[in-house]
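> Start counting the sequence shown at 312; every next residue gets the next number (this note's numbering).
Have a look at the structure that comes next, please.
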Amino acid sequence: MQGTSDARQTMESQDELHGGVVRQRGNVMGKNIQEQNNGSNETTPEPNKELSPTSSKGSSVVLILLLLMVGITWGIAATAYFGVVDYKVLVARSSSISTSDMTSCMSLIYPTNYPFVRRPLKTFGSLLIDIDESLYNLFIAKEQASYIDKRRSVAMVTPYNRITFSIKETEKVVTERGEPPVMSQDNQPSKEGETTNENMKTADKDERDNTLKQTEGKVKVKDTAQDPTKSKNSTPKKTKKPTTKTTDGTVPKKKKNPPDPLTSEKDIPILKQLREAEKLLKSKQAAKAKAAYQKLVSSNPESPMARFGKAESLFQQAEQERSNKLLQECIQAYNEVAELATCPPALKKKALLTKAERQTFLGHLRAALLTKTQLARDFPNDEKVLNQLGVAYLMIGQNDKAKQVFETVLDIHPGDGFALVHLGFIIKIKGDWMKSIEYLLPGVTSLEEGTQEGKFYFHLGDALYRTNRTKEADEIYKLGAERGLFRSKFQRSLYNVERLQSRPFWTPQQAKVVDYVKKLEKNWKTIRDEALKMMDVKKGLFVNEDENLRNTGEWRQFTLYQRGKKDAACSRVPKTCSILEQMPNAVGCTRGQVKYSIMMPGTHIWPHTGPTNCRLRMHLGLVIPTTGDGVRLRCADDIRTWEEGKVLIFDDSFEHEVWQQADTFRLILIVDVWHPDITKREKRTLTPI
Ligand code: LMR
Ligand code: MN
312 MQGTSDARQT MESQDELHGG VVRQRGNVMG KNIQEQNNGS NETTPEPNKE LSPTSSKGSS
372 VVLILLLLMV GITWGIAATA YFGVVDYKVL VARSSSISTS DMTSCMSLIY PTNYPFVRRP
432 LKTFGSLLID IDESLYNLFI AKEQASYIDK RRSVAMVTPY NRITFSIKET EKVVTERGEP
492 PVMSQDNQPS KEGETTNENM KTADKDERDN TLKQTEGKVK VKDTAQDPTK SKNSTPKKTK
552 KPTTKTTDGT VPKKKKNPPD PLTSEKDIPI LKQLREAEKL LKSKQAAKAK AAYQKLVSSN
612 PESPMARFGK AESLFQQAEQ ERSNKLLQEC IQAYNEVAEL ATCPPALKKK ALLTKAERQT
672 FLGHLRAALL TKTQLARDFP NDEKVLNQLG VAYLMIGQND KAKQVFETVL DIHPGDGFAL
732 VHLGFIIKIK GDWMKSIEYL LPGVTSLEEG TQEGKFYFHL GDALYRTNRT KEADEIYKLG
792 AERGLFRSKF QRSLYNVERL QSRPFWTPQQ AKVVDYVKKL EKNWKTIRDE ALKMMDVKKG
852 LFVNEDENLR NTGEWRQFTL YQRGKKDAAC SRVPKTCSIL EQMPNAVGCT RGQVKYSIMM
912 PGTHIWPHTG PTNCRLRMHL GLVIPTTGDG VRLRCADDIR TWEEGKVLIF DDSFEHEVWQ
972 QADTFRLILI VDVWHPDITK REKRTLTPI
């Protein structure tokens, strides 16, 4: 998929990133459109309340005692691990505990995780591994143990007062002194840190899950670096396996490999030919591979592998020839695999998931949803299938349906990171910040595939900030930057051209807009008067900011240009627009807007970040009150104010925040311009935002 999927991401309807899941479509011809799906704002429901432990008292005591014991036992070794020791604690759940109970409970423990973010997070996060029906593994740090100790009512009781934990056994999760304890390599974040909803990097997860389950509690894999994202270049050390001898001293016969779950008996007679065809596919000889597979399909129409190979080669050829027609054929071919009575379930799943992925790529989102719905019928307990179904609903904007699906996943697979981040995301954009944290936090710290995306860190940080957990928000932003998901802790735009220079505030010279600034400053009164007239006669032109950025007060905007297109409303302020027309890098900026912005006294705009680093934002001061505490704009850690008739330039991909504490309204004209490092070609080809 890598070859064809376009890394560009755009936001369609929004200026800011708040709210919305990015929906991506594309086709082989290189077009790639993404849509923004707004979440409506709802009131913030009651946060989870701590309840006092009642029935759980006995087990609480056991838990605390044990935790303290292990704490003391391993405390000395703590220094070897950046001051923290980890334990694996096997806990039993007492009775019927729902997943959401479990998740709530876990998320109350997690917040202690990320003061230690610089250590490998793999030992935290979604370490809620279902061993059997009633046992869970919990990995905790010393600090967490004491946290549990201090707040046992939280750890022991869910918001519904139903969980009681008791410890079955504890185990130190360390191999050698000095090595940070980590989970298996399989829990590494995706390579580029750019997992999208649509990609299928999780394709082999089933196999890994099995391995995890089998080895759980026995195998301890070392991390290669403190920062898990950095370990991607290092190959895991190969350890020489000792030869196991039987009691009589003979070396046991090598065990036969178990049958490949993807292979059917109808494939067996042609295994050799299948391998030959696969070689062609691997060496990217798509047309030849297709011919070879086609031949096999003709002679062995019931061989699922032959048909699957044909589908794969069709896809490869579609990519090479950039042909949508071949892509359609390939989609049909995957379907034929799945429809064969002889198709093994694992292959059916793989074929249909791949089919849905190709359909998504073509922009056939409803068709992809249908495919995934069919899959979910066949694999109702498969978390990967269900997660994919959830994503399909998100992509067509059916967030409520998506929410149900992710909840189901969590019922079946508590702690599934993918479901957690997506559910948290949905809850966040609906406006329930507090609750969203309960999902986003364990989801993001799980480091599972599909969880290491900027948008999850973005919304988690925002939710934390807005619920007064500012220090934790800062940690999440730093972590996002360390993991390459943000350009820096302040510059959190997600649609970026990497090479562009960046700084919060710019001079006209730096921004290469000296002429524009002169023009705007020369004509500022004309620009102001046209706006004031419109405010009087046509108030409705100034519409409420609808991106959920306002904490308090009133903020309205009147848009003249958007994504490089002139708005009909320009006719209301003709002089202003004719001045603007002389600024092609502004009115033609497909990743920006030109708009009046009016802000009333008592307004506070939450710290927020624009979607892209490709534009710079000019603010022309038109009516700037200086009464009361005045008006202020913070960008990164620099606070400035506006002046009437003067232009202020900043990069709104950096976190910024506004306070209006004057006695009368403030009016400015916002003019976005292309970043000076953006090339002519990029101006033409970057997808609009
Ligand atoms: C922003 O661009 O987010 C704000 O600075 C706009 C405004 O009106 O101050
Ligand atoms: Mn802004």
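Glycine included, every Cβ here is placed at the ideal spot set by N, Cα and C.
Rounded to the nearest angstrom, how far is the Cβ of LYS782 from that of LYS800, given a contact under 8 Å?
Actually they are not in contact, since the Cβ atoms of LYS782 and LYS800 sit about 13 Å apart, beyond 8 Å.
> Rounded to a whole number of angstroms, what is the C-alpha to C-alpha distance between THR914 and VAL716?
Approximately 38 Å between the Cα atoms of the pair.
> Cα separation between ALA687 and LEU582?
Distance between the alpha carbons of ALA687 and LEU582 is about 30 Å.
> For the 8 Å Cβ check, are there 3 or more pairs between the stretch 873-884 and the stretch 930-949?
No, the stretch 873-884 does not touch the stretch 930-949.
> What span of residues does the alpha helix (DSSP H) with PRO999 cover, start to end?
That residue, PRO999, is in no alpha helix (DSSP H); it is neither H nor E in DSSP.
> Starting from ILE738, follow the beta strand (DSSP E) in both directions and report where the run begins and ends.
Unbroken run through ILE738 is the alpha helix (DSSP H), 728-741; no beta strand (DSSP E).
> Are three or more beta carbon pairs between the stretch 852-865 and the stretch 891-901 nearer than 8 Å?
No: fewer than three Cβ pairs fall under 8 Å.
> Could you give the distance in angstroms between the alpha-carbon of THR653 and the alpha-carbon of GLN584?
If I take the Cα positions, the gap works out to 19 Å.
> Does MET846 come out as helix, strand or coil in the three-state DSSP assignment?
MET846: helix per DSSP, three-state reduction.
> Identify, in the order they occur along the chain, each residue of the same chain with its Cβ nearer than 6 Å to the Cβ of SER351, setting aside the five sequence neighbours on each side.
Low per-residue confidence applies at SER351: pLDDT is 31, beneath 50, and the placement is therefore not dependable, though the value from the model is reported in the following sentence. If we look at SER351 and ignore the five residues flanking it on each side, it has no Cβ neighbours.
> For ligand 1, enumerate in chain order all residues having a CB closer than 5 Å to any of its heavy atoms.
Working through the chain, the matches are SER908 and VAL969.
> Confirm, please, whether the CB-CB distance from PHE736 to LYS766 is below 8 Å.
In contact: LYS766 and PHE736 (Cβ atoms closer than 8 Å).
> From what residue to what residue does the beta strand (DSSP E) around ASP949 run?
Note, ASP949: beta strand (DSSP E), 949-951.
> Just to confirm my understanding: we take PRO426, look at its own chain, exclude 5 residues before and 5 after, and list those with CB closer than 6 Å. What are they?
The pLDDT assigned to PRO426 is 26, lower than 50, so where the model puts this residue is not dependable; a value taken from the coordinates is nonetheless given after this. None.
> On a CA-only basis, which of LYS621, ARG926, VAL934 and THR920 is nearest ASN859? Give me that one, please.
Of the candidates LYS621, ARG926, VAL934 and THR920, the one whose C-alpha sits nearest the C-alpha of ASN859 is THR920.
> Are the beta-carbon atoms belonging to TRP835 and GLY956 less than 8 Å from one another?
Yes. Within cutoff.
> Within 10 Å of its beta-carbon, does LYS593 have 16 or more other beta-carbons around it, so buried, or fewer, so exposed?
Exposed: under 16 other Cβ atoms inside 10 Å.
> What residue does the beta strand (DSSP E) around MET929 start on, and which one ends it?
Here the beta strand (DSSP E) through MET929 covers 926-934.
> Could you pull the DSSP bridge partners for CYS946 from this structure?
Looking at the DSSP assignment, CYS946 forms a beta bridge with ASP949 and HIS967.
> Restricting to Cα atoms, I'd like to know which of THR778, GLY754, GLU760 and GLU718 is closest to GLY742.
Per the Cα distances, THR778.
> Span of the alpha helix (DSSP H) holding LYS906?
Unbroken run through LYS906 is the beta strand (DSSP E), 904-910; no alpha helix (DSSP H).
> Would you report the Cα separation of PRO999 and VAL808, rounded to the nearest angstrom?
When rounded, the distance between both Cα atoms is 13 Å.
> How many angstroms separate the CA atom of THR990 from the CA atom of CYS900?
Rounded to whole angstroms, THR990 to CYS900 spans 12 Å at the Cα level.
> Could you check the C-alpha separation between ASN498 and GLU786 for me, to the nearest Å?
Residue confidence for ASN498 is low, a pLDDT of 27 falling below 50, so the modelled location carries little weight and cannot support an answer.
> How many whole angstroms separate the CB atoms of GLN812 and ASP963, which I take to be in contact at a CB cut-off of 8 Å?
Actually they are not in contact, since the Cβ atoms of GLN812 and ASP963 sit about 15 Å apart, beyond 8 Å.
> Spell out a yes or no on whether the stretch 923-935 and the stretch 866-873 are touching, meaning 3 or more CB-CB pairs, one atom from each, closer than 8 Å.
The stretch 923-935 vs the stretch 866-873: no contact.
> With a threshold of 6 Å on Cβ separation, who are the neighbours of LYS746 within its own chain once the five nearest residues in sequence on each side are excluded?
Same-chain partners within the cutoff: ILE738.
> Starting from ARG867, trace the alpha helix (DSSP H) both ways and give me its first and last residue.
From DSSP, ARG867 is part of no alpha helix (DSSP H) but of the beta strand (DSSP E) over 866-873.
> Count the other C-beta atoms from every protein chain shown that fall within 10 angstroms of the C-beta of GLU576, then say buried if there are 16 or more, exposed otherwise.
Burial call: exposed.
> Could you check which residue in THR719, ASN611, ILE960 and TYR768 has the C-alpha nearest to that of PRO691?
Comparing Cα-Cα distances from PRO691 to each of THR719, ASN611, ILE960 and TYR768, the minimum goes to THR719.
> How is the beta strand (DSSP E) around HIS986 delimited, first residue to last?
Run containing HIS986: none; DSSP gives neither H nor E here.
> When the distance is taken between beta carbons, is VAL732 closer than 8 Å to GLY701?
The answer is no: Cβ separation not under 8 Å.
> Measuring only from the beta carbon, is GLY921 closer than 7 Å to any heavy atom that is part of ligand 2?
Yes - ligand 2 has a heavy atom lying nearer than 7 Å to the Cβ of GLY921.
> Using DSSP with H/G/I as helix, E/B as strand and the rest coil, what is LEU959?
If DSSP states are grouped into helix, strand and coil, LEU959 belongs with the strands.
> I'd like the list of long-range same chain contacts for ARG951, defined as Cβ closer than 6 Å, with 5 residues on each side in sequence excluded.
Correct list, in chain order: LEU944.
> Leaving out the 5 sequence neighbours to the left and right, which residues in its chain are closer than 8 Å to ARG255 when beta-carbon positions are compared?
The structure shown has nothing for residue 255, since the chain only spans 312 to 1000.
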